[in-house]
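Read through the structure below, which is laid out as structure tokens, and then see the notes.
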Amino acid sequence: MDTSHIHVEGHCAKPYKPYFVSTRQTRPLSELVEFLSVTDLSHDLSLRFTEYYYDAPGPDDLRGHISRFVNGDAGLGAGVASIIEQSVAKIVRYEADVPQIRNWLNPSRVSRQTYPPKSSPGPYYKLKYGYNEKRLAYPSAVLDATLMVNKIQNGTFSRDDDRPAGLAGRGRRVDIRGEAKPDEGRLILTVDFMYYLVASLTSQVYTKILSYLRPSRGGVMIGLGPFGGKWGALYDSLLGDGEILEFDFSRFDSTVPPAVIKAAYSLIKSRFEDCPGKDAYFAYLRRNMISTVILDPSGTAFRKKGGIASGDPYTSIVGSYCNMIMCIGALTRLGLELGVDYDIWAYGDDGLIKFYSKKVDKAEFTRTLGELFGMIVKEKATKVSVDVSSTLNENGEWERENVTFLHNNFTPRGFPIRSMSDMLIRLYSPEKHVWPDQSHPRPREYGTWLLSRVYAYYILYYFNQEARDLLGYFYDYLLRRYDPLRTERPTLVSSFAEKWIPISGLDQSFFDKCLPTTEQISELYTINIYL
Numbered sequence: 001m002d003t004s005h006i007h008v009e010g011h012c013a014k015p016y017k018p019y020f021v022s023t024r025q026t027r028p029l030s031e032l033v034e035f036l037s038v039t040d041l042s043h044d045l046s047l048r049f050t051e052y053y054y055d056a057p058g059p060d061d062l063r064g065h066i067s068r069f070v071n072g073d074a075g076l077g078a079g080v081a082s083i084i085e086q087s088v089a090k091i092v093r094y095e096a097d098v099p100q101i102r103n104w105l106n107p108s109r110v111s112r113q114t115y116p117p118k119s120s121p122g123p124y125y126k127l128k129y130g131y132n133e134k135r136l137a138y139p140s141a142v143l144d145a146t147l148m149v150n151k152i153q154n155g156t157f158s159r160d161d162d163r164p165a166g167l168a169g170r171g172r173r174v175d176i177r178g179e180a181k182p183d184e185g186r187l188i189l190t191v192d193f194m195y196y197l198v199a200s201l202t203s204q205v206y207t208k209i210l211s212y213l214r215p216s217r218g219g220v221m222i223g224l225g226p227f228g229g230k231w232g233a234l235y236d237s238l239l240g241d242g243e244i245l246e247f248d249f250s251r252f253d254s255t256v257p258p259a260v261i262k263a264a265y266s267l268i269k270s271r272f273e274d275c276p277g278k279d280a281y282f283a284y285l286r287r288n289m290i291s292t293v294i295l296d297p298s299g300t301a302f303r304k305k306g307g308i309a310s311g312d313p314y315t316s317i318v319g320s321y322c323n324m325i326m327c328i329g330a331l332t333r334l335g336l337e338l339g340v341d342y343d344i345w346a347y348g349d350d351g352l353i354k355f356y357s358k359k360v361d362k363a364e365f366t367r368t369l370g371e372l373f374g375m376i377v378k379e380k381a382t383k384v385s386v387d388v389s390s391t392l393n394e395n396g397e398w399e400r401e402n403v404t405f406l407h408n409n410f411t412p413r414g415f416p417i418r419s420m421s422d423m424l425i426r427l428y429s430p431e432k433h434v435w436p437d438q439s440h441p442r443p444r445e446y447g448t449w450l451l452s453r454v455y456a457y458y459i460l461y462y463f464n465q466e467a468r469d470l471l472g473y474f475y476d477y478l479l480r481r482y483d484p485l486r487t488e489r490p491t492l493v494s495s496f497a498e499k500w501i502p503i504s505g506l507d508q509s510f511f512d513k514c515l516p517t518t519e520q521i522s523e524l525y526t527i528n529i530y531l
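Residue numbers for the sequence shown, in full-length UniProt numbering: 1 to 531.
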């Protein structure tokens with residue numbers, strides 16, 4: 001194919017070949033449909049499975065994603081540079097427990113980084129070698145990343161060594177009944193595998209450190225997994241007198257100003273010990289986050305000029321710090337002091353602020369964020385609560401939802417109540433660990449796979465009674481159908497369940513019963529993981 005006509009903006013002169021994005025949607029879980037048809041569950045529940053479908057993105061949709069990441073720092077208000085600097089200094093003091101990380105820019109550590117083996121390695125390895133999965137490109141990528149680290153250390157690295165990211169796409173969510181405008185989805189990149197390994201030298205160790213920090217006085221909530229006690233620690237921190245403000249930004253990823261992203265990288269950089277190549281290394285990461293060169297499926301290259309796209313090893317960390325920097329800046333402008341008048345918890349564009357002595361009107365807070373940083377906060381997702389936990393009615397159902405964080409509420413004991421709709425989506429149309437060939441399943445192995453999925457979700461959604469009841473009935477249904485003699489458990493179910501939830505290391509006695517007890521699940525959620 002002649003590609004000489006393809007325009008490459010701001011990267012290099014050579015044209016790129018086209019490549020293809022897989023837009024296949026996973027098949028609905030037929031066993032769940034059958035189960036609902038033979039049970040006495042309400043018809044309203046089954047309707048929730050057919051409310052939406054996903055429309056595969058076309059080239060125009062993908063280019064539309066990129067076009068939103070072009071605002072730069074145009075929306076910044078007066079005096080914001082000083083406010084950003086003050087916010088970073090406050091966060092550094094706020095997170096005084098984060099240790100200095102040593103011996104981090106070491107080429108020998110490249111091969112120790114973990115990676116998703118079946119995900120795309122990016123356009124470079126696809127087009128040059130024909131590799132469609134990271135596991136196939138791994139030997140070449142490790143060699144390239146090791147050479148890149150050496151170049152960074154020796155000062156021989158340049159922008160010509162940058163490689164474009166590819167476009168992935170989660171399609172638009174469309175209401176079948178036509179009652180709502182389709183969701184546009186997110187800009188999701190398949191970053192170059194070499195860049196992924198180089199960035200992972202710091203992102204993986206930093207993520208691990210953040211996940212072990214106790215969230216008693218706020219901070220970045222990276223590592224907020226289902227278990228380990230972190231939800232309970234967050235719950236305990238939110239208790240007491242004062243108001244809790246929860247908020248969510250509109251189009252956060254595409255509108256974060258580059259100046260704030262640079263400040264977030266400056267903060268992260270301060271956590272790592274000085275060494276030759278440190279400045280060049282973080283400049284490389286920062287440039288690939290802000291000014292990413294993106295190759296669309298037709299072969300046309302674009303350079304975005306801002307924002308935080310999904311798919312980068314630093315997406316969650318940088319996004320969370322940007323959230324904190326801007327909120328702290330807005331509250332500083334309103335006369336409040338971090339750690340005295342309020343504490344803040346952030347994960348990506350979601351956040352919670354606990355106010356103590358002073359109260360802040362949420363409209364004034366959101367207006368200040370807009371004036372300083374050009375950010376828009378979703379009005380429907382912003383609310384003020386006094387009580388932390390949800391309350392039960394006389395039928396044992398959650399009647400009132402108070403604080404919500406990452407779409408989860410809290411029980412009076414501090415356990416997360418995960419949403420029913422999220423469970424239905426995961427169960428009905430799984431995106432991860434899909435059975436390789438659903439048209440020709442092997443009954444024994446396929447049955448174990450199904451049982452372990454439901455077993456894992458039963459634990460994950462246990463504190464939502466509606467979800468727990470449905471999953472319990474569905475588990476019994478599958479057990480009668482695929483494993484009436486219960487020959488597959490406990491070993492195989494536990495090993496399969498590890499695909500969906502982090503339960504490795506549990507004693508096999510945990511799986512001796514058909515489903516775990518309340519005491520067993522409560523223990524999983526409260527095990528102390530902190531340093």
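Ideal placement from N, C-alpha and C gives every residue a C-beta, glycine not left out. For clarity, every value in this text was computed on a predicted model and none was experimentally measured.
Taking 7 Å as the cut-off, the beta carbon of Pro121 is found closer than this to the beta carbon of Ala137. Remark: C-beta atoms of Phe415 and Phe463 approach each other more closely than 7 Å. Secondary structure remark: continuous alpha helix (DSSP H) runs of at least 4 residues inside the stretch 117-175, in chain order: 123-129, 134-154. Close CB contacts of Lys134 within its chain, under the 6 Å cut and outside five residues either way in sequence, are with Tyr115, Pro117, Ser119, Pro121, Phe193 (chain order).
Per the Cβ contact rule, the stretch 265-285 is in contact with the stretch 314-334 (3 or more Cβ pairs under 8 Å). The straight-line gap separating the alpha-carbon atoms of Val360 and Ser30 is approximately 50 Å.
Excluding the 5 residues flanking it on each side, Val205 has same chain C-beta neighbours closer than 8 Å at Ile101, Trp104, in chain order.
About 5 Å separates the beta carbon of Met148 from that of Val198, a gap short enough to meet the 8 Å contact definition. If you draw a straight line from the Cα of Leu524 to the Cα of Arg112, it is about 29 Å long. Just so you know, the alpha carbons of Trp449 and Lys358 end up roughly 52 Å apart. 7 Å or more divides the Cβ of Val260 from the Cβ of Cys327. In the DSSP assignment, Leu189 forms a beta bridge with Leu167. Collapsing the DSSP output to three states places Asn402 in coil. Going by beta carbons, Phe249 and Val377 fall inside the 7 Å limit. Taking 7 Å as the cut-off, the beta carbon of Thr156 is found no closer than this to the beta carbon of Phe247. For Gly232, there is no enclosing beta strand (DSSP E); the enclosing alpha helix (DSSP H) has its first and last residue at 230-238. Its chain contains Gly242, Glu243, Tyr342 as the residues whose beta carbon lies nearer than 6 Å to that of Phe355, once the 5 sequence neighbours on both sides are disregarded; these appear in chain order.
Excluding residues up to 5 positions away in sequence, Leu478, Arg481, Tyr482, Asp483, Glu488 lie with their Cβ nearer than 8 Å to the Cβ of Gly447 in the same chain. In this structure, the straight-line span from the alpha carbon of Asp349 to that of Lys269 is close to 21 Å. Shown here for Ser254: same chain residues with a beta carbon closer than 6 Å to its own, the five before and five after excluded, namely Arg68, Phe69, Gly307 in chain order. Taking C-beta atoms as the reference points, Lys305 and Gly72 count as a pair closer than 7 Å. Across the structure, Gln465 and Asp236 are spaced so that their CA atoms are roughly 23 Å apart. Here the alpha carbon of Gly277 sits roughly 37 Å from the alpha carbon of Ile353. For the set Leu167, Ala363, Gly472, the Cα lying nearest the Cα of Thr300 is the one of Leu167.
DSSP, reduced to helix, strand and coil, places Val388 outside both helices and strands of the structure shown, so it counts as coil. Per the C-alpha coordinates, the member of Val220, Asp476, Ser310 positioned closest to Ile188 is Ser310.
Each residue's CA atom was taken as its position, placing Asp162 and Ser419 some 41 Å apart.
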